[in-house]
Amino acid sequence: MKILVCISKTPDTTAKIAFADNNTKFAADGVQWIINPYDEWYALVRAIELKEKDPSTIIHLINVGGADADPIIRKALALGGDEAIRVNTDSTDSFTIASQIANVAREGGYELIFTGKETIDYNGSSIGGMVAELLDMPFVSLATKFELAGNMATITREIEGGEEVAEVNIPVVVSCQKGMAEQRIPNMKGIMGARTKPLKVVEPAAVEALTSIERFELPPAKAGVKLVSPDNPEELVRLLHEEAKLF
Amino acid sequence: MSVLIYIDQAEGQIKKSSFEAASYGAKLAEQTGTTAEALVLGNVSDDLSALGKYGIKKVHHVADAQLDHLDAQLFIKVIAEAAAASQADIIVLSANVNGKAIAPGLSARLKSGLVAGAVALPDTSNGFVVKKGVFSGKAFANIRINSPIKIISLTPNAFTPVLGEGVAEVAPFTATIEAPKVKVTATNKVKGQIPLSEAELVISGGRGLKGPENWGMIEELAQLLGAATACSRAVADAHWRPHHEHVGQTGGSIAPNLYFAVGISGAIQHLAGVNRSKTIVVINKDPEAPFFKAADYGIVGDAFEVMPKIIEAVKKLKGK
């Protein structure tokens, strides 16, 4: 079986969010880059678990980005995965990114395509659904569990106030979130091995972007916390009722 | 031309987030000088003409049991058909669990730009620019859609529905329905609780509560206020509370009117899941807890002393 795991490069979860060039670009200076946590902890680790169960499984990683993504791709390869493909283009338009992934996937004949449920930078939750449609494959989003028996995948997904269990034949595209797997730390053997695993760089296909970022903005600063004395918590209830009118 | 709003339902009932999408779409139709039409898939028990109150003029209803559960691929095809039939140049849906499954594929199918997770009506003064949350609630981006058809998924609880008097015309819509490839075999809902993603008020507890046996006060306050309960990652990881209650960077992301955090320090990863809440209340005995910087109201004090008094005051207020 062949699995494709989509890997995005995002700022670290603690990175300071600021913008440059008249608020049209993310200020990347001094920012530490990581594998998007949903891609790493859930999509990639679940794929690795499937390979551990069935060692004939082949895992490919794909990233759409510039050479500055190579360190996080190597880290992903250190966790697991047989080889990586980087489509050499920078874009913030999800349709462009999904189209590049779909182009590679079409050639690769993958039975499973995993993505994280969203990236922690653009929070679009879009790539998996777009890739599925472009490949005419079923899509199951926000998955918390994934089991495979023969060609039948049993997938648990989040719904409002609970979960839903669905069955679907592979090939399928799945967006993964908490519950799918547990975060792993790469070991020394993995890190050494990752150095020699293939990282193929391919040039992008021509795709017209459907959206563009006009400008970023930061939320207005909070006015500051209104502190209520611990001896008089009743005052807090009064404020929430009369001032904030919440109940 | 029209604005087509996809109305999501579960077990025959329209979701709250879809009423928000309906009202948002109707406002947008008003803004662009077109009409708001809605699309409902599957069997419903709700009176669809009541969508008129949200500004919907016409409801297209595909009452086919194969659409009672989500198969994104199938839903996308049906919505695309309805969009063509109603000559929609804008499609609106909620960025709820099903909207996240449908909107991207719809965008790819129609080669139409999507803004996923809009938080405000578009600026149509010069083109079509929609504001959405980015960097996990730490910033916003204004995104221009360049394609003739525009697709917007609306963040739940970001837009307050405007209610009027209208009655919508309801008409059956005939679409090509292929057999779903994704078959839902079980639905497990937590009984008697307000879904966290739809809750307007949320009471949340962290490690400061010391153990699952102390959650009685969180639950009691939530029950009194009709609020949902949530928790921090540490609490979910320790299995004090179920995973679906976990909010934060790696858990759920919510934007209620009130987020009431007890014994949560407010690490940046936790804030990422809740910082779009309209009012944040923090109760923590550590005055240095970072959460106070993001809070609107706070008490520096021991939750075990403060919470019983708050519960008593709410009871008095509610006449209980």
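Chains as they are written, first to last, in numbering that gives the first Met the number 0: chain A, 0 to 246; chain B, 0 to 319. All residues carry an ideal CB built from backbone N, CA and C; glycine is no exception.
Cα-Cα, which of the options is closest to residue i?
i: GLY98/B; options: ILE298/B, ALA20/B, GLY41/B and LEU224/B; result: ALA20/B
i: GLU216/A; options: ALA140/B, LEU220/B, PRO147/B and LEU224/B; result: ALA140/B
i: VAL96/B; options: GLU213/A, ALA101/A, SER98/A and GLY160/A; result: GLY160/A
i: VAL183/B; options: LYS15/A, VAL164/A and PRO10/A; result: VAL164/A
i: ASN231/A; options: GLY297/B, ILE279/B and PRO289/B; result: GLY297/B
i: LEU245/B; options: TRP32/A, GLU157/A, ILE16/A and ALA19/A; result: The sequence shown places His at residue 245/B, not Leu. Nearest option by C-alpha distance: GLU157/A.
i: VAL201/A; options: LYS50/A, ILE16/A, ILE61/A and PRO170/A; result: ILE61/A
i: THR153/A; options: ILE193/B, VAL181/B and LYS131/B; result: VAL181/B
i: ARG73/A; options: ASN150/A, SER7/A, ASP28/A and LEU239/A; result: SER7/A
i: ILE89/B; options: TYR5/B, GLY11/B, VAL299/B and VAL280/B; result: TYR5/B
i: LEU162/B; options: GLY32/B, ASP45/B, ILE282/B and ILE55/B; result: ILE55/B
i: GLN8/B; options: HIS68/B, TYR23/B and GLU29/B; result: HIS68/B
i: LYS15/A; options: THR23/A, ALA42/A, ALA27/A and PHE113/A; result: ALA27/A
i: ASN87/A; options: LEU239/A, LYS196/A, VAL236/A and PRO203/A; result: PRO203/A
Leaving out five residues on either side along the sequence, give the residues of the same chain with a beta carbon under 7 Å from the beta carbon of residue i.
i: GLN248/B; result: SER135, GLN268, ALA271 and GLY272
i: ILE96/A; result: VAL63, SER90 and ILE126
i: ALA174/B; result: VAL61, VAL77, GLU80 and ALA81
i: LEU209/A; result: ASP92 and PHE94
i: PHE290/B; result: ALA260, ILE263, SER264, GLY265, VAL281 and ASN283
i: ARG206/B; result: SER231, ALA233, VAL234 and GLY262
i: ILE33/A; result: THR9, ASP11 and ILE71
i: LEU40/B; result: VAL61, LEU66, PHE74 and VAL77
i: ASN150/A; result: ASN168 and ILE169
With DSSP as the reference, please indicate the residues paired to residue i in a beta bridge.
i: LYS199/A; result: ILE84/A
i: MET151/A; result: ALA148/A and ASN168/A
i: ASN22/A; result: In the DSSP output, where bridge partners are listed per residue, ASN22/A has none listed.
i: VAL169/B; result: VAL58/B
i: ARG45/A; result: The partner list for ARG45/A (beta bridge, DSSP) is empty, contrary to what the question assumes.
i: LYS149/B; result: ILE89/B and GLY112/B
i: ASN283/B; result: VAL299/B
i: PRO219/A; result: Partner(s): none; PRO219/A has no beta bridge.
i: SER211/A; result: ARG143/B
i: THR159/B; result: DSSP, once it has assigned bridges, lists no residue as partnering THR159/B.
i: GLU247/A; result: The requested residue 247/A is not part of the displayed model; chain A covers only 0 to 246.
i: LEU50/B; result: Per DSSP, none; premise fails for LEU50/B.
In terms of residue numbering, what span does the alpha helix (DSSP H) encompassing residue i cover?
i: LYS277/B; result: Run containing LYS277/B: none; DSSP gives neither H nor E here.
i: ASP69/A; result: 69-78
i: ARG232/B; result: 232-236
i: ALA107/B; result: 96-109
i: LYS247/A; result: Here chain A has residues from 0 to 246 only, and residue 247/A is not among them.
i: GLY127/A; result: 126-134
i: SER98/A; result: 93-107
i: ALA198/B; result: No alpha helix (DSSP H) contains ALA198/B, which DSSP labels as neither H nor E.
i: SER16/B; result: 15-31
i: GLU219/B; result: 215-224
i: VAL236/A; result: 233-237
Starting from residue i, find everything on chain A with Cβ-Cβ shorter than 7 Å and list it in chain order.
i: THR278/B; result: ALA243 and LEU245
i: GLY104/B; result: GLY128, MET129, ALA131, GLU132 and PHE138
Going along chain B in order, which residues have a C-beta closer than 8 Å to the C-beta of residue i?
i: LYS177/A; result: HIS242, HIS245, THR249 and GLY250
i: SER140/A; result: ALA71, VAL96, LYS99 and ALA100
i: HIS240/A; result: LEU316
i: SER90/A; result: Ordered by position in chain B, no residue passes the 8 Å Cβ test against SER90/A, which lies about 13 Å from the chain.
Residues in its own chain within less than 6 Å of residue i by CB, not counting five upstream and five downstream?
i: LEU50/B; result: ALA21, ALA37, VAL58 and ALA167
i: GLU199/B; result: PRO255 and ASN256
i: LYS196/A; result: LEU76 and GLU82
Which residues in the same chain as residue i place their Cβ atom closer than 8 Å to its Cβ, once the five residues preceding and following it in sequence are excluded?
i: HIS59/A; result: LYS1, ILE2, LEU3, VAL4, GLY80, ASP81, GLU82, ALA83, ILE84, GLY107 and TYR109
i: ARG105/A; result: LEU134
i: ALA322/B; result: One cannot answer for residue 322/B here, as it falls past the ends of chain B, which runs 0 to 319.
i: GLY65/A; result: ASN87, THR88 and ASP89
Applying a beta-carbon distance threshold of less than 7 Å, which residues of chain B neighbour residue i?
i: GLU213/A; result: VAL128, ASN141, ILE142 and ARG143
i: TYR121/A; result: VAL133
i: GLU106/A; result: Going along chain B, no residue has its Cβ under 7 Å from GLU106/A, so there is no contact; the nearest lies around 18 Å.
Identify the contact partners of residue i in chain A, using a Cβ-Cβ distance below 8 Å as the criterion.
i: SER111/B; result: LEU209
i: ILE309/B; result: PRO232, GLU233, LEU235 and VAL236
i: GLY210/B; result: Near GLY210/B there are no residues of chain A at all, since even the closest Cβ is about 22 Å away, more than 8 Å.
i: VAL189/B; result: GLY160 and GLY161
Using the beta-carbon of each residue, which ones in chain A are nearer than 9 Å to residue i?
i: TYR23/B; result: The premise fails here: TYR23/B is roughly 18 Å from chain A at the closest Cβ pair, so nothing lies under 9 Å.
i: GLU197/B; result: GLU159 and GLY160
i: PRO194/B; result: ILE158, GLU159, GLY160 and GLY161
Strictly below 9 Å CB to CB, what residues from chain B border residue i?
i: LYS221/A; result: ILE279, LYS292, ALA293, ALA294 and ASP295
i: MET151/A; result: Residues of chain B passing the Cβ test: none, with the nearest at roughly 10 Å.
i: ALA165/A; result: HIS68, LEU69, ASP70, VAL181, LYS182, VAL183, THR184 and ALA185
i: ASN168/A; result: LYS180
The beta strand (DSSP E) that contains residue i, what's its start and end?
i: VAL77/B; result: No beta strand (DSSP E) contains VAL77/B, which is instead part of the alpha helix (DSSP H) from 71-84.
i: ARG143/B; result: 138-144
i: ALA37/B; result: 34-40
i: PHE291/B; result: From DSSP, PHE291/B is part of no beta strand (DSSP E) but of the alpha helix (DSSP H) over 290-293.
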